[in-house]
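In this note's numbering, the protein residues as written are 884 to 1751. Beta carbons are placed, not taken as given, at the ideal position from N, Cα and C, and that holds for glycine.
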Amino acid sequence: MEGQPAPDPFDITGQRFSHYQVREQVGSGGMGLVYEAEDVRLGRRVALKVLPPWSRFDPDAQTRFLREAKAASLLNHPNICTVYEYDVVEDRPFIAMELVEGETLLQRNKAGLVPFAQAMAILSSVAAGLEHAHERDIVHRDIKPGNILLGADGRIKIADFGLARLSDTTTITRSGSTLGTVAYMSPEQALGEKVTAATDVWSLGVVLFETLTGNRPFRAEHTSALIYQILNTEPEGLDALAESHGPEISGIVARCLEKSPWLRPSAAEIRTSVSALVVPNIATAPKLRALPASRRNWWPWITAAACLMAALVGLAFLVSGVKPSVGQRLTTSALAFVPPVVADSALQLALRGLVESSFRDVSGPAVERALVGQIAPFVDDSVAETLESAGDVHRILGIPFAVTTEVVRRGSRTTLTLSLVDTKSLDTLRSEHVIVNTDKIQDSRRLVSDAMGRLVGLADAPAAQYSDAHVAAPGSVEFYNQGLGLLQYRSSPSSVTGAIALFERAIEASPNFAPAYAELGRAYLLRFEETKDPELLARAERLCDQALEMDSGNQSVHITLGRIHLAEGQYGLAAMEFDRALGSTQHSVDALLGKAQIFNEQGQYREAESMYEQAIAERPDYWPGYRQLALFYYYQGRYLDAVSQFEIVAQLAPLNPLGYRGMGSSYYNLELFQLARDSWEKALEIADDHSTYSNLGTLNFYFEDYSGAAAALEKAVSLDSTDYVVWSNLAMAYHYLPDRAERFEEAALKTVELAEEQLNLNPKDDFVRARIAGVHIMLGDTAAAYRYLEPYLSDPAAVLTGETVFEIATAWEALGDRDRAFEWLTEALRRGFAQTELLRYPGLADLREDPRFLDLIKSIPTPKEQGG
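1. Beta-carbon separation of Val997 and Ile1031 under 8 Å?
2. Which of helix, strand or coil does DSSP assign to Leu1403?
3. Assuming His1128 is part of the alpha helix (DSSP H), what are its boundary residues?
4. In its own chain, which residues sit with a C-beta less than 7 Å from the C-beta of Phe1736, not counting the 5 before and 5 after it?
5. Tell me which same chain residues have a C-beta within less than 8 Å of the C-beta of Leu1642, skipping the five on either side of it?
6. What are the boundary residues of the alpha helix (DSSP H) that Met980 is part of?
7. Who does Phe1220 pair with in a DSSP beta bridge?
8. Could you tell me which residues DSSP puts in a beta bridge with Tyr969?
9. If you draw a straight line from the C-alpha of Asp894 to the C-alpha of Leu1579, how long is it?
10. At a cut of 8 Å, does the segment 1440-1456 reach the segment 1420-1428 through at least three beta carbon pairs?
11. Figure out for me which residue from Ala952, Gly1097, Val983 has the closest Cα to the Cα of Lys993.
12. Work out the CA separation of Ala1150 and Thr1082 for me, nearest whole Å.
13. From Leu916 to Gln908, what distance separates their C-alpha atoms?
14. Looking at Leu864: is its Cβ nearer than 8 Å to the Cβ of Val1136?
15. Please determine, among Asn1483, Leu1338, Ser1272, the residue with the shortest C-alpha to C-alpha distance to Ser1242.
16. If you reduce the DSSP assignment to three classes, tell me which class Arg1292 lands in.
17. Indicate the three-state DSSP secondary structure (helix, strand or coil) for Glu1530 in the structure shown.
18. Report the CB separation of Phe977 from Lys932 in whole angstroms; it is logged as a contact under 8 Å.
19. Using only alpha-carbon positions, find the residue among Tyr1585, Trp1695, Leu1676, Pro1674 that is nearest to Leu1722.
20. In this structure, does DSSP put Gly985 in helix, strand or coil?
21. So if DSSP puts Gln1453 in a beta bridge, which residue, or which two residues, is it bridged to?
22. What are the start and end residues of the alpha helix (DSSP H) that includes Arg1652?
23. Do Thr1079 and Pro1148 count as a contact pair if the criterion is CB distance below 8 Å?
24. For a minimum of 3 consecutive residues, which ranges assigned as the beta strand (DSSP E) are wholly contained in the segment 1389-1433?
25. Using alpha carbons as the reference points, say which of Val1291, Val1304, Thr1684 lies closest to Gln1487.
26. Going straight from the alpha carbon of Arg1313 to that of Phe1220, what length do you get?
27. Give the list of continuous beta strand (DSSP E) stretches no shorter than 3 residues that lie fully inside the segment 1003-1045.
28. Have a look at Ser1549 and Leu1582 and give me their C-alpha separation to the nearest angstrom.
29. So, are the CB atoms of Thr1094 and Leu988 less than 8 Å apart?
30. In three-state DSSP terms, what is Ala1536?
31. Given this structure, state the Cα-to-Cα distance separating Ala952 from Leu958, to the nearest angstrom.
32. Between His1316, Glu1501, Tyr1495, Glu1418, which has its C-alpha nearest Arg1510's C-alpha?
33. What's the C-alpha gap between Leu1385 and Ala1334?
34. Gly1807 and Val1532: beta carbons closer than 8 Å?
35. Output the distance between the C-alpha atoms of Ser1590 and Asn1612, rounded to the nearest integer angstrom.
36. Quick one: Cα of Ile1318 to Cα of Ile1383, how far?
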């Protein structure tokens, strides 16, 4: 029915598959879909595990699947799922196995702590199953709660031998990624070393600890920090486990979690220990109770994500139980500022600008002297308005320390109190009070900067003064500070336009006030990014040049100019400006990210990735760095790597939709469509956003729900009518709806208008050129399309991304040049473009019938873990 998603043509629910009648899908995982079915020959219910249809182009997936079948078929034990059959139907391998009705241990753990007796039964049963496998030199390698089945009849079975391998072989790795689930991964797996039976024992120890306590012995926010803990730290909570369940059980877990494999017990020893020691005393076993608070007088008060980075850069950290006295050095991983809030909106903007200016005075020296790891002034405009207290900093950002700002007004006297606060305990560690002259705010900047410096441990006062303060007329700096406050907390286009007006008033009052020119240039760049008006970009460049004529040492101006030249496609000029910004300090994250983007644009991907990582190392709590690395991975076709970075973005800025939107896009290219939809809907819960609606439109489009696609895309253009990509997608949706011919032409012409404006701004943008050609083809103007495609008659240039190459390929196919279309599609896959697009894109429907298409897909299988 129109308006409803088309059914998945590869879903086998309700169908006859070999000699099985498929009832319903009951699960899914990394190795395929699981269905409940009936074996019509033998009259028994089974579980069918079926690889997805595209797996026939992925030899590695088929190899792992067959390995699972062979490994499990060699085992015959009551605690291991029995495999009945392996076969292939229409190029789709499947395994028929024992159907266990019940739940997984993962599902049971989510319902609450498992009773002690049941936990011991699970441990004994899994250990017995592993003992049987290990005696036959088979290592499971992926023991985790999701692979332990708890039957409704009390049976406990190990499932999923997809990673199973004969012992004494090395861990399988692909593109540097170690297989298995990281939380349950042993040190040797994390290092890519050989696996033995001891590898499964480690994982079983983690499972047992989690089942009894509800936590894991190694916990961190990010994968890299978690691996660091597994390799280098002792499990957390063993004392509490001993207190609640006895030293014997704690001792079993501790032995399982020995770093050295040869120190761990065998599965047989675990089973024997449990049977002999614990089972006879189950009736008198201590009742499960809430774990006592951990006594960790010297545990570092830092976020888990910062732990690994701190070790790398050699920083010291503030420890709990020790409050710094006045003048004592503060050494911490991350520090955020909570902005001042007052009823007078003009004064509030001026004070926010004042604190921002003072932050700039302090941050450089503080970071250079390693007094603080990173400083995040007001974080990002998308979350800044939600930061009203130090507790918000802990809850929303996970940053351990904050400087809060409190304003008290008594007549003409305004007191600004700056306090260093532990965001978890909410203890005030230090405070400074500054009397602010609200009539001459610029006179207070030195006082505020000095106070802020003392909070972070600067022994000497920073050089806190406007280099051009003597040329600032009365009122000029007030306008400047208010504009700076608006830019720092921009929540809508009116914030930027308001800041522009304030900076212009500051310049009108003081024509030689260099900082106002610099910030006005930045404001026009931000306005350009909102409107794509090229005149705004030119104006921003002129203002930055004027600022440098007055103050050649302004680092922020060089960064703004670098971003302007990037938008223009002038990569050499952009690199020069970013290098100038780095000339005075090597700690400019924005300059490093700018250089990474240049490398990326020029096809120097290894250098780009290294530069992104360097930027993140400089500021591990700065979410834009992770997002840019995520986007880099995304456009390289490394979708699982992209997901991991987007997850960090969502953790660092949970009220920002960008992390969830990026996760959705990555899941889409991994063919995890429900996860994609869930992520995008989560992003829309945070904010109405045209890009997210555009993504939902694309999802509907590829499921041939063209009406649903059009509705989502119409919502997108209602929120932002300047995005040519969204207009072109809307035109394609209308193109497939015969009753929308008039709307199709309108959307197509709007696409061409906006895209040509973008091409005028950056003539080197190949994607824009290819998209314009495609729209002209839909409009029937093939002559115009050929003009835009003329640069792509020969081999694809090295600098073109896989996405751009695919766009050009679809244009050649639409023009009827299939040979050239195949040439470009081949190159798109080689450059990491997802097979999903080739297999679902409606414009390639005829091409997919060509015998060469199957050969193309087989010849270039995309690695599964990188989006294949």
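So, from the listed chains and residues:
1. Walking along the sequence shown from the start, residue 997 turns up at place 114. Walking along the sequence shown from the start, residue 1031 turns up at place 148. No, Cβ-Cβ distance for Val997 and Ile1031 is not below 8 Å.
2. Looking up residue 1403 in the sequence shown gives position 520. Helix at Leu1403.
3. Taking the first residue of the sequence shown as position 1, residue 1128 is located at position 245. Run containing His1128: 1121-1128, per the alpha helix (DSSP H) assignment.
4. Here residue 1736 corresponds to residue number 853 of the sequence shown, with the count starting at 1. Result list for Phe1736: Leu1730, in chain order.
5. Taking the first residue of the sequence shown as position 1, residue 1642 is located at position 759. Asp1648, Val1651, Arg1652, Ile1655.
6. Stepping through the sequence shown from its first residue, residue 980 is reached at position 97. Run containing Met980: none in the alpha helix (DSSP H); it sits in the beta strand (DSSP E), 975-981.
7. Numbered from its first residue, the sequence shown carries residue 1220 at position 337. Phe1220 pairs with Val1286.
8. On the sequence shown, position 86 is the one that residue 969 refers to. Beta-bridge pairing links Tyr969 to Ile978.
9. Mapped onto the sequence shown, residue 894 falls at position 11. Mapped onto the sequence shown, residue 1579 falls at position 696. Asp894 and Leu1579: Cα-Cα distance of roughly 22 Å.
10. yes
11. Indexing the sequence shown from 1 puts residue 993 at position 110. Nearest C-alpha to Lys993: Gly1097.
12. Taking the first residue of the sequence shown as position 1, residue 1082 is located at position 199. Taking the first residue of the sequence shown as position 1, residue 1150 is located at position 267. Spanning the two alpha carbons is a distance of roughly 11 Å.
13. Looking up residue 916 in the sequence shown gives position 33. Looking up residue 908 in the sequence shown gives position 25. In a straight line, the C-alpha of Leu916 is about 7 Å away from that of Gln908.
14. It is not possible to answer for residue 864, since the shown part of the chain is limited to 884 through 1751.
15. Within the sequence shown, numbered from 1, the residue matching residue 1242 stands at position 359. In the sequence as presented, Ser is not what sits at residue 1242; that position holds Phe. When each option's Cα is compared against that of Phe1242, the closest is Leu1338.
16. Residue 1292 sits at position 409 when you count from the first residue of the sequence shown. Residue state, collapsed to three classes: strand.
17. In the sequence shown, the residue the question calls residue 1530 occupies position 647. Helix at Glu1530.
18. Here residue 977 refers to the residue found at position 94 of the sequence shown. Here residue 932 refers to the residue found at position 49 of the sequence shown. Right, their Cβ atoms sit about 6 Å apart.
19. Here residue 1722 is taken as the residue at index 839 of the sequence shown, counted from 1. Among Tyr1585, Trp1695, Leu1676, Pro1674, the Cα nearest to that of Leu1722 belongs to Tyr1585.
20. Counted from its first residue, the sequence shown places residue 985 at position 102. In the structure shown, Gly985 sits in a strand (DSSP, three-state: E or B).
21. The sequence position of residue 1453 within the sequence shown is 570, counting from 1. Gln1453 is not bridged to any residue.
22. The residue labelled residue 1652 in the question sits at position 769 within the sequence shown. Unbroken alpha helix (DSSP H) run through Arg1652: 1649-1662.
23. As a working note, residue 1148 is residue 265 in the sequence shown. As a working note, residue 1079 is residue 196 in the sequence shown. Result no, Cβ atoms of Pro1148 and Thr1079 do not sit closer than 8 Å.
24. none
25. Along the sequence shown, one-based indexing puts residue 1487 at 604. Per the Cα distances, Thr1684.
26. Sequence index remark: in the sequence shown, residue 1313 carries index 430 (1-based). Sequence index remark: in the sequence shown, residue 1220 carries index 337 (1-based). So the alpha carbons of these two residues sit roughly 14 Å apart.
27. 1031-1034, 1039-1041
28. As a first step, residue 1549 is located in the sequence shown; it is residue number 666 there, counting from the start. As a first step, residue 1582 is located in the sequence shown; it is residue number 699 there, counting from the start. When rounded, the distance between both Cα atoms is 12 Å.
29. Sequence index remark: in the sequence shown, residue 1094 carries index 211 (1-based). Sequence index remark: in the sequence shown, residue 988 carries index 105 (1-based). Taking 8 Å as the Cβ cut-off, Thr1094 and Leu988 qualify as a contacting pair.
30. Counting from one through the sequence shown, the residue named residue 1536 turns up at place 653. DSSP places Ala1536 in coil when its eight states are reduced to three.
31. What you label residue 952 is simply residue 69 of the sequence shown in a count that begins at 1. What you label residue 958 is simply residue 75 of the sequence shown in a count that begins at 1. For Ala952 and Leu958, the distance between alpha carbons rounds to 10 Å.
32. Position 627 of the sequence shown holds residue 1510. Of His1316, Glu1501, Tyr1495, Glu1418, the residue nearest in Cα terms is Tyr1495.
33. Taking the sequence shown and counting its residues from 1, the one referred to as residue 1385 is at position 502. Taking the sequence shown and counting its residues from 1, the one referred to as residue 1334 is at position 451. Between Leu1385 and Ala1334, the C-alpha separation is close to 27 Å.
34. Missing from the structure shown is residue 1807; the chain here goes from 884 to 1751 and no further.
35. Reading the sequence shown from its first residue, position 707 is the one you call residue 1590. Reading the sequence shown from its first residue, position 729 is the one you call residue 1612. Cα to Cα, Ser1590 sits roughly 13 Å from Asn1612.
36. Stepping through the sequence shown from its first residue, residue 1318 is reached at position 435. Stepping through the sequence shown from its first residue, residue 1383 is reached at position 500. One C-alpha to the other measures close to 29 Å.
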